[in-house]
Structures are given as C-alpha cells and as structure tokens.
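A.B. asks: The sequence shown finishes on residue 135 if you use the UniProt record's numbering, and the numbering steps up by one all the way, no holes. From the three backbone atoms N, C-alpha and C, an ideal C-beta is built for every residue, glycine too. Because the structure is a prediction, the values reported are computed rather than measured. Handing you a structure now.
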Amino acid sequence: MRRKLMREARVSQRLMLLQKMKNKFGDENTERASLLQATETASRRNLRLLQDIDAAEEAFQTKLIPHPQPSMLSLETRYWASVEEHIPKWELFLLGRAPYPIGAENQNEQQRQFESPLKGLRLDPCTVIDLPRKV
C-alpha cells in the first residue's frame, strides 16, 4: 500500500511537472509568435518608409533639375569624351609605365623657356650681373 501511495505521488508529481513544461513552452511559443509578428510588421513599415523616401527623393530631384539645357548636355558629352580620350594615358601613368600625362607634350618647351641663362656659370653669391631682359 505504501508503494502504491508513493507511486501515485510520483505519477501526480510527474503530471504536474509535465503540465508546467507545457505551459512554459506554450508561453515561449506565444512569445515567439508575437515577436515574429512584430518583426514582420516592422519590416513592412520600414519597406514603406524606404519607398516613401525614394519617391520623395525622386520628386525633389525632378523639381531641382527639371530638364537639363542643351548646352549643359553638350558640355557633359564633351567632358566624358575627353575623359575617355585621356583614360589610357592616366592608366599607364598609374601603373608606373609612363610619365605624368598632363603637360607632357609641352614639358620640353616649358623647360627651355624657364631655363636660367646663368646655368653652368659658377658665380660668387655676392656677384651682381645685369641680365638682358626679354621684351
């Protein structure tokens, strides 16, 4: 009889623990479902906000620059043509295979123009020389 009572006590305790576990897992599942729903709601709200921001930005841009003028389009076209023309020179320079590309055509002429007429002369720093002036 005593064994029977102990067994019944264990069985009832086990049933009580099982019920507590069910309640706990049920609460966790409810909480998870609630969090999932809140996450989905927030995602939809954020997506709508991003779409509204994109629409506002596009409307702002069209108001800011409604239609570019033909002269601006021509200037832009010429600019990009110039960029495409100079890309190979810059690419070689950046790869270390060519000299600095800007002004390289006129570099020798500029060097000759700015060469000092005193080049090669050894002078005392206190010596005064009258140089011929170019008119």
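Are Pro-70 and Lys-89 touching if we call contact CB-CB under 8 Å?
C.D. replies: As a first step, residue 70 must be located in the sequence shown, where it is residue number 70. As a first step, residue 89 must be located in the sequence shown, where it is residue number 89. No.
A.B. asks: Under DSSP, the alpha helix (DSSP H) around Arg-14 begins and ends at which residues?
C.D. replies: Your numbering for residue 14 matches position 14 in the sequence shown. 2–64 is the span of the alpha helix (DSSP H), which, as asked, contains Arg-14.
A.B. asks: Give me, in chain order, the residues of the same chain whose beta-carbon lies closer than 8 Å to that of Val-83; leave out the 5 immediate sequence neighbours on both sides.
C.D. replies: Working through the sequence shown from its first residue, we reach residue 83 at position 83. So the list is empty, once near-sequence residues are dropped.
A.B. asks: For the alpha helix (DSSP H) containing Glu-100, name the first residue and the last one.
C.D. replies: Reading the sequence shown from its first residue, position 100 is the one you call residue 100. Looking at the sequence provided, one finds Tyr at residue 100 rather than Glu. Looking at the DSSP string, Tyr-100 is not in any alpha helix (DSSP H), and its letter there is neither H nor E.
A.B. asks: According to DSSP, simplified to helix, strand and coil, what is Pro-68?
C.D. replies: Residue mapping note: residue 68 aligns to position 68 of the sequence shown, counting from 1. Reduced to three states, the DSSP call for Pro-68 is coil.
A.B. asks: Could you give the DSSP three-state label for Leu-75: helix, strand or coil?
C.D. replies: Residue mapping note: residue 75 aligns to position 75 of the sequence shown, counting from 1. Three-state result, Leu-75: helix.
A.B. asks: What three-state label does DSSP hand Lys-95 in the structure shown?
C.D. replies: Residue mapping note: residue 95 aligns to position 95 of the sequence shown, counting from 1. Correcting the residue type first, residue 95 is Leu in the shown sequence and not Lys. DSSP places Leu-95 in coil when its eight states are reduced to three.
A.B. asks: How long is the line joining the alpha carbons of Pro-99 and Glu-91, rounded to whole angstroms?
C.D. replies: As a first step, residue 99 is located in the sequence shown; it is residue number 99 there, counting from the start. As a first step, residue 91 is located in the sequence shown; it is residue number 91 there, counting from the start. Spanning the two alpha carbons is a distance of roughly 11 Å.
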